[in-house]
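Worksheet: the structure to be examined is printed underneath.
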Amino acid sequence: MTTDAFTAQRPRLFGLAYRMLGSAHDAEDVVQDAWLRWAGREQDVENPAAWLTTVVTRLCLNRLDSARARRETYVGPWLPEPILTTDPATGPAATVEERESVSLALLTTLERLTPPERAVYVLREAFGHSHAEVAAVLDVTEAGSRQLHTRARRHLAQPPTPVPTTPPTDPADVGPLLARFVAAAREGDVAGLEALLAADVTVWSDGGGKVSAARRPVHGRDAVARFLVGVLGARRPRRSGAAAEINGAPAAIAFVDGVLDGVLTIEPAGEQVATVRILRNPEKLAFLAGQLSRSAGLSGRPS
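Reminder that position 149 of the sequence shown reads as 149 in UniProt numbering, one-by-one numbering, no gaps.
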């Protein structure tokens with residue numbers, strides 16, 4: 001019974017920890033720590049969901065300050081670890097709003113919040129907890145929870161990458177644009193690629209200093225088109241590609257000799273691409289690689 005009660009909560013707890021930390025491996029560690037605490041006193045817990053939510057949130061708060069310090073010395077742009085959101089083990093991502101709450105764009109932007117602000121925002125916006133419930137989790141007053149939530153939304157609305165106020169883009173609308181975008185880059189079609197890019201498009205490339213990646217963002221249509229053709233255009237006999245839903249949106253995945261080598265996602269602005277995110281840090285791809293090895297969720301064929 002002890003195991004059953006925790007197992008029922010596990011995907012939701014992972015989803016909470018991942019949104020708080022932006023790291024799948026850290027989220028797994030937090031959930032494991034929560035299990036150890038639960039196994040010692042589960043008989044005394046009247047409301048397992050509330051108790052475990054509190055434990056996981058507070059464990060995440062303990063990790064956020066040290067995580068931020070590590071990211072300040074990170075080599076190149078930092079992006080969250082990608083996850084396969086068709087995997088039910090990673091928590092809720094069934095609705096458009098749930099997918100948006102785990103998007104790479106939002107998780108990156110959440111880095112600008114203080115740990116308490118991030119906790120309130122995630123609990124309120126992604127999991128729908130009331131301010132009374134959030135206040136109990138964080139051991140603050142309801143007024144304090146409302147104040148933290150207001151500050152979080154204000155900080156997220158600031159430039160340079162504010163959280164969109166328009167409805168999230170439906171993944172069904174992103175897939176065809178992504179396919180045209182990748183095809184143009186692979187074929188070396190600079191003009192065709194430029195036609196798909198917004199004038200102020202930006203590429204963020206995360207290699208963590210471990211593999212080849214741009215150590216600064218690449219800005220502007222011309223520079224981005226030429227950069228992407230250089231990265232994706234050369235056909236390599238040992239490289240293959242596929243498509244999958246990563247962090248709630250269509251993504252292109254690259255393999256070399258069958259080993260996951262990179263993930264590319266786009267953020268559209270109308271019918272053009274406004275942001276490109278490329279993840280190549282092997283440490284950040286390890287969790288996703290494990291998911292893919294267990295899943296038949298890949299669509300598309302090697303190319």
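Virtual Cβ for every residue (Gly too), placed ideally from N, Cα, C. Treat the numbers as computed from the prediction; the structure is a model and nothing was measured.
>> Do VAL140 and LEU123 count as a contact pair if the criterion is CB distance below 8 Å?
In response: If you number the sequence shown from 1, residue 123 lands on position 123. If you number the sequence shown from 1, residue 140 lands on position 140. The Cβ atoms of LEU123 and VAL140 do not sit closer than 8 Å to each other.
> Using CA coordinates, which residue listed in GLN43, ALA24, MET20 and ALA244 is at the minimum distance from PHE6?
Replying inline: On the sequence shown, residue 6 is found 6 positions in, with the first residue counted as 1. Out of GLN43, ALA24, MET20 and ALA244, GLN43 has the C-alpha closest to the C-alpha of PHE6.
> How long is the line joining the alpha carbons of ARG238 and ILE253, rounded to whole angstroms?
Replying inline: Along the sequence shown, one-based indexing puts residue 238 at 238. Along the sequence shown, one-based indexing puts residue 253 at 253. Note on geometry: alpha-carbon atoms of ARG238 and ILE253 lie some 14 Å from one another.
> According to DSSP, is residue 305 helix, strand or coil?
Replying inline: Only positions 1 to 303 of the chain appear in the structure, and residue 305 is not among them; the question remains open.
>> Please classify ASP173 as buried or exposed, where buried requires at least 16 neighbouring CB atoms within 10 angstroms.
In response: Numbered from 1 along the sequence shown, position 173 holds the residue referred to as residue 173. Label assigned to ASP173: exposed.
> Looking only at DSSP bridge pairs, what is PRO250 linked to?
Replying inline: For this step, residue 250 is matched to residue 250 along the sequence shown. Partner(s): GLU245.
> Can you tell me the Cα-Cα spacing of PRO168 and GLN272, whole angstroms?
Replying inline: Along the sequence shown, read from residue 1 onward, the residue named residue 168 stands at position 168. Along the sequence shown, read from residue 1 onward, the residue named residue 272 stands at position 272. Because PRO168 carries a pLDDT of 49, less than 50, the predicted location of this residue cannot be relied on, and the following value inherits that uncertainty. One C-alpha to the other measures close to 15 Å.
> What residues in its chain sit with their C-beta under 6 Å from that of residue 374, if we drop five residues either side in the sequence?
Replying inline: The question about residue 374 has no answer, for the chain in this structure spans 1 to 303.
> Which value, in whole angstroms, describes the spacing of the CA atoms of ALA183 and SER212?
Replying inline: The residue given as residue 183 occupies position 183 in the sequence shown. The residue given as residue 212 occupies position 212 in the sequence shown. Spanning the two alpha carbons is a distance of roughly 22 Å.
>> If you follow the alpha helix (DSSP H) that LEU110 is in, where does it begin and where does it stop?
In response: Residue numbering aside, residue 110 sits at position 110 when the sequence shown is read from its first letter. Taken as a continuous stretch (DSSP letters only), LEU110 belongs to no alpha helix (DSSP H), as it is neither H nor E.
> Under 8 Å between the Cβ atoms of VAL229 and VAL259?
Replying inline: Against the sequence shown, residue 229 aligns to sequence position 229. Against the sequence shown, residue 259 aligns to sequence position 259. Cβ atoms of VAL229 and VAL259: not closer than 8 Å.
>> Judging by CA-CA distance, which residue of PRO115, ASN47 and ASP87 is the nearest neighbour of ALA67?
In response: Here residue 67 corresponds to residue number 67 of the sequence shown, with the count starting at 1. Of the candidates PRO115, ASN47 and ASP87, the one whose C-alpha sits nearest the C-alpha of ALA67 is PRO115.
> Can you list, in chain order, the residues of its chain whose CB lies under 7 Å from that of ALA185, leaving out five sequence neighbours each side?
Replying inline: The residue labelled residue 185 in the question sits at position 185 within the sequence shown. Excluding residues within five positions, the ones whose Cβ falls inside 7 Å are LEU193, LEU228, VAL229, LEU232 and GLY233.
> At a cut of 8 Å, does the region 48 to 58 reach the region 95 to 111 through at least three beta carbon pairs?
Replying inline: no
>> Going by the DSSP bridge assignment, what does PHE127 pair with across the sheet?
In response: Within the sequence shown, numbered from 1, the residue matching residue 127 stands at position 127. Beta-bridge pairing links PHE127 to no other residue.
> What residue range is occupied by the uninterrupted beta strand (DSSP E) comprising SER204?
Replying inline: Residue numbering aside, residue 204 sits at position 204 when the sequence shown is read from its first letter. Checking the sequence shown, residue 204 turns out to be Trp, not Ser. Per DSSP, TRP204 belongs to the beta strand (DSSP E) from 197 to 206.
>> Between ALA286, VAL224 and SER205, which has its C-alpha nearest LEU197's C-alpha?
In response: Residue mapping note: residue 197 aligns to position 197 of the sequence shown, counting from 1. When the alpha-carbon of LEU197 is set against those of ALA286, VAL224 and SER205, the nearest one is in VAL224.
> Could you give the distance in angstroms between the alpha-carbon of GLY297 and the alpha-carbon of PRO268?
Replying inline: For the purposes of this step, residue 297 is identified with residue 297 of the sequence shown, where counting begins at 1. For the purposes of this step, residue 268 is identified with residue 268 of the sequence shown, where counting begins at 1. Caution applies to GLY297, whose pLDDT of 44 falls short of 50 and renders its modelled position unreliable; the value that the coordinates give is listed next. Distance between the alpha carbons of GLY297 and PRO268: 23 Å.
> In or out: ARG154 buried (at least 16 other Cβ within 10 Å) or exposed?
Replying inline: As a first step, residue 154 is located in the sequence shown; it is residue number 154 there, counting from the start. Per the 10 Å Cβ criterion, exposed.
>> Considering just the uninterrupted stretch of the alpha helix (DSSP H) at LEU84, what are its terminal residues?
In response: By 1-based counting over the sequence shown, the position of residue 84 is 84. Annotation: LEU84 is outside any alpha helix (DSSP H) and is labelled neither H nor E by DSSP.
> How would you write the range of the alpha helix (DSSP H) that LYS284 sits in, first residue to last?
Replying inline: Position 284 of the sequence shown, counted from the start, is the residue given in the question as residue 284. Here the alpha helix (DSSP H) through LYS284 covers 282 to 294.
> Do you know offhand how far VAL30's Cα is from GLY188's?
Replying inline: Residue 30 sits at position 30 when you count from the first residue of the sequence shown. Residue 188 sits at position 188 when you count from the first residue of the sequence shown. Their backbone Cα atoms lie some 44 Å apart in a straight line.
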